[in-house]
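Notes follow the structure.
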Amino acid sequence: MNAREVARYEEMQKKIEEQIDQANSDIASLKEQLEEAQKQRKNKLEYDVLAKTITKVPSREESIKKADGLSKEIAALTADRAATAAARERRKRHMYALATCLHDLQDSIADDRKTEDREAVERASALAEAIAAPRVISHGDGEEEEEGVLAEDGGEVKDHTPSHSAFCLPPAAPTS
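Sequential numbering of the sequence shown, starting at 1, is according to UniProt numbering.
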């Protein structure tokens, strides 16, 4: 082989080595670019997820408005609850007063009935005594006779006792 061919082979070998070095350099550069592109892609995906989350959450103004509305609603419900409790307590007191009045009325009616019964018994006793007691009737001519006894001439002596209607019980009050 000759020296020229050796020089040419050496020169070709240098060029190939330079090309290999250039290819290795290009590969390293492309690896760096790939890593950077992967980082950017990862960041973009994270950004998209975060953006979706942000769009789901209402704005600060809307959140404040909603919180104010809920606070007002809570205050209204609290006031309504207090009013309902007061009304319930008032009705409870009224019901107790009504029950007390009803009980007093029942006691009063029972007392009135006892009084009426006692008075009726007293009137009945007085009537029975009035009916049972013999009465002496004076005719003005000096003769006296017992009430309800037949006269000697066969005529009946008139009864001058008060009528039974004076001693009758008052009509019973209608019960409902």
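Using N, Cα and C, we set each Cβ at its ideal position, and we do this for glycine too.
Which value, in whole angstroms, describes the spacing of the CA atoms of residue i and residue j?
i      : j      : result
Cys101 : Asp111 : 15 Å
Ser25  : Arg60  : 52 Å
Glu129 : Arg118 : 16 Å
Tyr96  : Ala87  : 14 Å
Ser63  : Lys52  : 18 Å
Ala132 : Val121 : 16 Å
Ala11  : Ala23  : Residue 11 is actually Glu in this sequence, not Ala. C-alpha separation (whole angstroms): 18 Å.
Ala125 : Lys92  : The question names Ala, but residue 125 is Ser in the sequence shown. Cα-Cα distance, rounded: 49 Å.
Val57  : Thr78  : 29 Å
Glu67  : Leu45  : Per the sequence shown, residue 67 should be read as Ala rather than Glu. Roughly 32 Å between the two C-alpha positions.
Gln40  : Asp80  : 57 Å
Asp104 : Leu98  : 10 Å
Glu36  : Lys72  : 53 Å
Asp107 : Thr115 : 12 Å
Ala75  : Glu89  : 21 Å
Glu5   : Gln38  : 48 Å
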